[in-house]
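Notes for the one structure printed next.
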Amino acid sequence: MTIANQELRTIMTAHTKDDENARRDFLQLTAGAMGVVGAACVATPLVNSLNPAKDTLALATIEVDVSDLKPGEAKTEMWQGKPVFIKHRTPKEIEEAEDVDVATLRDKQPDSARVQKPEWLVVIGVCTHLGCIPVGNKPTDAHGDYDGWFCPCHGSHYDTSGRVRKGPAPKNLAVPPYEFVSDTVIKIG
Amino acid sequence: MGSGERAEFKNPVIGWIDERLPLFTLMQKEYGVFPTPRNFNYFWNFGAIAMFMLVAMIVSGIVLAMHYTADTELAFDSVERIMRDVNSGWLIRYIHMNGASFFFVAVYIHIFRGMYYGSYKKPRELLWILGVLIFLLMMATAFIGYVLPWGQMSLWGATVITNLFSAIPWVGDSIVTLLWGGFSVDNPTLTRFFALHYLLPFVIFAVVFLHVWALHITGSNNPLGIEPKGPQDTLPFHPYYTMKDSFGLVLFVILYALFIFYAPDSLGHPDNYIPADPLVTPPHIVPEWYFLPFYAILRAITFNMNIYFLAGIAGLFTLLVEFVWREKPKMIAAPYALPILVASLFLAALGFIGDQYPTLGIPFTAAEDALVSAKLGGVLAMFGAIVLLLVLPWLDTHPIRSARFRPLFKWSFLLLFVVFVFLGYIGSQPADAAFGPVPLSLLGLLCTGYYYGFFLVILPFLSRFEKGRNLPKSIHEAVLGKGA
Chain A
1 MTIANQELRT
11 IMTAHTKDDE
21 NARRDFLQLT
31 AGAMGVVGAA
41 CVATPLVNSL
51 NPAKDTLALA
61 TIEVDVSDLK
71 PGEAKTEMWQ
81 GKPVFIKHRT
91 PKEIEEAEDV
101 DVATLRDKQP
111 DSARVQKPEW
121 LVVIGVCTHL
131 GCIPVGNKPT
141 DAHGDYDGWF
151 CPCHGSHYDT
161 SGRVRKGPAP
171 KNLAVPPYEF
181 VSDTVIKIG
Chain B
190 MGSGERAEFK
200 NPVIGWIDER
210 LPLFTLMQKE
220 YGVFPTPRNF
230 NYFWNFGAIA
240 MFMLVAMIVS
250 GIVLAMHYTA
260 DTELAFDSVE
270 RIMRDVNSGW
280 LIRYIHMNGA
290 SFFFVAVYIH
300 IFRGMYYGSY
310 KKPRELLWIL
320 GVLIFLLMMA
330 TAFIGYVLPW
340 GQMSLWGATV
350 ITNLFSAIPW
360 VGDSIVTLLW
370 GGFSVDNPTL
380 TRFFALHYLL
390 PFVIFAVVFL
400 HVWALHITGS
410 NNPLGIEPKG
420 PQDTLPFHPY
430 YTMKDSFGLV
440 LFVILYALFI
450 FYAPDSLGHP
460 DNYIPADPLV
470 TPPHIVPEWY
480 FLPFYAILRA
490 ITFNMNIYFL
500 AGIAGLFTLL
510 VEFVWREKPK
520 MIAAPYALPI
530 LVASLFLAAL
540 GFIGDQYPTL
550 GIPFTAAEDA
560 LVSAKLGGVL
570 AMFGAIVLLL
580 VLPWLDTHPI
590 RSARFRPLFK
600 WSFLLLFVVF
610 VFLGYIGSQP
620 ADAAFGPVPL
630 SLLGLLCTGY
640 YYGFFLVILP
650 FLSRFEKGRN
660 LPKSIHEAVL
670 GKGA
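Sequence order for the protein chains is A and B. FYI, the numbering for the first sequence is 1 to 189, going by this note's numbering. FYI, the numbering for the second sequence is 190 to 673, going by this note's numbering.
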């Protein structure tokens, strides 16, 4: 009887010890996981607060009167803190933009996919390499090897359709969402 | 009672405090009698000098923050107000501006010394890694700080550097928007940069504390690179090295003061005295001088890496691991080393040529098929250059520490130093500049190649094959001669 009791106790304690350890592991894991979830919940609003605020997002639309631009002229407007180039293209510039074999381009886009009306080119004036502002809006500026824009930072050349033709930039100048409110007013955004 | 032994103090007030909080015992142990190798040269001053610069930056920075306004409309003018109207404001700002440069001077020499004398080797690996972390934190702090005056270089430097993160596949653009808090570097960016610029120096301070703690566990390395074997090899830190450090510090501060008073803007860029204009990019954006070598590495990668190129690199890397890193090649393909080498070089060349001459029409070499774009490649190369420093203790496993006894290591390391300085020159030039008939971008690529080759090929190779000179038996014997 005594021996059986002792054996039983040994078995019982061994069992409870294992059981106890498994229980501890489970509790530690779940408590740890809860802690991680809690920390993530606290971190989310803190990190997300660094994303653009509502007033920043609210500056999303502008209207631009382009009646003052003669063919060949361009102007720069601020939209979302970035310059937007609006260019009134001459027939020669339109022809240059359309006469390119799209297959030879780095970022293959035909001119027709980048304009709504061939004489008006609207692009975001931020070099797609590292974000500098290309020059070329003024007649006295450098226009690069392709009669469009030239980025002075690292030497990217853009053509009359704002497409990258040479230099380190990987993509064409981006086309912002825009529409013609009338023949001479463009709404950007 | 505090734990451990306490020193005896005559002054009853000090004794009373020390019984309750053994601060004075600690100072006595770590900076008073602390056993320090007796053979330090002046290169060993720069840890203390860097510590002084950190304190100088924090003190001048806190005062500047009391006069500065972090708002895009006001920031530039508030800095000009500091320069013109605030009492001694010009002095405090010049101390801070040039202090950043001199902090980097001290830290670069400190890192150079650590590499030359093998201070990163066992048992000081963690000490070294903490040091590299301090260097990284310093670069972040300095970059953010340069944005605060909101001049042209501030804005456009910030634009170029934050745009680097857009190279990260898929999430890059979201990360950049998150960094900016908008769609360009603007007011939200400036205010968070100011908050971080105030925070990070204290993070640096904490890591410096860990760095010094780790130093006091292992003790200092020394120019011979052999461990002190007993009291005859060491001197108490005070007064011997408190004096030597103070002397070196005075000379350093004289040079620093010369810049503050006589050439305060010589290390900066004049464009940063033009208020930031988001519509005009300066013709030549250059970072501060202490970033130039890394900037040159960033710009050295001007080609896209397509599948051929990366396969070639993977082949070469396999050979490197098998035949240079490992004691004995394990790979089944070991007998085919030569064919693998030829095939790898062919693939790398094919990929490179296909990218440089797209008109050849080699399949899968068009820019949109690139696995790693030139931009991402540059970013990876730049950050990789610092990651190499982190793993340096495992790349150089040669048992001899000091370059004095390793002539091959010494000369390849000094060449690395020259290459690093030349990379700095390349970084300061416009991207399309040339050095005589050779375009600088090519030289930048070659120098980047040597930088990587030094760490990945030369160091592991020398670790296995350099014999080295005989080490002296002990520090005191080497310093004082056999008679001592």
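Backbone N, C-alpha and C fix where the C-beta goes; we use that ideal spot for every residue, glycine too.
Distances from the CA of tyrosine 497(B) to each of Tyr479(B), Ile529(B), Ser533(B) and Leu440(B) were compared; the closest alpha carbon is that of Ser533(B). Around the Cβ of arginine 488(B), a 10 Å sphere holds 16 or more other Cβ atoms; the residue is buried. Per DSSP, the beta bridge partners of glycine 340(B) are Pro464(B).
Separation of isoleucine 271(B) and leucine 605(B) (C-alpha to C-alpha, rounded to the nearest whole angstrom) is 41 Å. Comparing C-alpha distances from proline 459(B) to each of Pro472(B), Leu447(B) and Phe602(B) shows the shortest one belongs to Pro472(B).
The continuous stretches of beta strand (DSSP E) do not include aspartate 260(B), and DSSP gives it neither H nor E. Within the same chain, Val321 come within 6 Å of leucine 578(B) by CB-CB distance, once the 5 residues on both sides are set aside. The three-state secondary structure of aspartate 454(B), taken from DSSP, is coil. By the beta-carbon neighbour count (other beta carbons within 10 angstroms, threshold 16), proline 312(B) is exposed.
Straight-line spacing of the CA atoms in isoleucine 443(B) and threonine 548(B) works out to 59 Å. Taking 3 residues as the shortest admissible run, the stretch 266-300 of chain B contains no complete beta strand (DSSP E) segment at all. Between histidine 405(B) and proline 211(B), the alpha-carbon positions lie close to 17 Å from each other. Annotation: Cβ neighbours of arginine 381(B) in chain A (cutoff 8 Å, chain order): Leu50. Going by beta carbons, proline 176(A) and isoleucine 133(A) fall outside the 8 Å limit. A direct Cα-Cα distance of roughly 18 Å separates tyrosine 479(B) from threonine 348(B).
Per DSSP, the continuous alpha helix (DSSP H) segment holding histidine 665(B) begins and ends at 664-669. Here the stretch 334-345 of chain B lies against the stretch 249-267 of chain B, with 3 or more beta-carbon pairs under 8 Å apart. Ranked by Cα distance from leucine 669(B), the options Asp422(B), Leu353(B) and Asp375(B) are led by Asp422(B). In the DSSP assignment, arginine 163(A) falls outside any beta strand (DSSP E), carrying neither H nor E.
Contact annotation: proline 453(B) and glycine 250(B) have beta-carbon atoms that are not nearer than 8 Å. Minimum Cα-Cα distance from proline 224(B) among the listed residues Tyr430(B), Ala295(B) and Pro596(B) corresponds to Tyr430(B). Within the model, the alpha-carbon separation for proline 482(B) versus phenylalanine 324(B) is close to 14 Å. For the stretch 151-182 of chain A, the set of positions with a beta-carbon nearer than 7 Å to some beta-carbon of chain B reads Pro152, Cys153, His154, Gly155, Pro168 and Pro170 in chain order. Under DSSP, leucine 424(B) takes part in a beta bridge, and its partners are Thr225(B). Secondary structure of tyrosine 309(B) (DSSP, three-state): coil. A direct Cα-to-Cα measurement between alanine 74(A) and histidine 157(A) gives close to 17 Å. As computed with DSSP, phenylalanine 180(A) is found in a beta bridge with Ile186(A). Bounds of the beta strand (DSSP E) holding histidine 88(A) are 82-88.
Fully contained in the stretch 488-529 of chain B are the following alpha helix (DSSP H) runs of length 4 or more, in chain order: 496-509.
Residues Leu389, Val392, Ile393 and Val396 of the same chain have their beta carbon placed closer than 7 Å to that of leucine 326(B), with the five preceding and five following residues left out of the count. The shortest CA-to-CA distance from threonine 637(B) to any of Gly370(B), Arg653(B), Ala485(B) and Phe624(B) is the one to Ala485(B). Bounds of the beta strand (DSSP E) holding isoleucine 124(A) are 120-124.
Among the residues of the stretch 78-95 of chain A, those with a Cβ less than 9 Å away from any Cβ of chain B are Met78, Trp79, Gln80, Gly81, Lys82 and Pro83, in the order of the chain. Here valine 100(A) carries a coil assignment [DSSP, helix/strand/coil].
Among the residues of the stretch 621-651 of chain B, those with a Cβ less than 9 Å away from any Cβ of chain A are Asp621, in the order of the chain. With fewer than 16 other beta carbons inside 10 angstroms of its own, methionine 78(A) counts as exposed.
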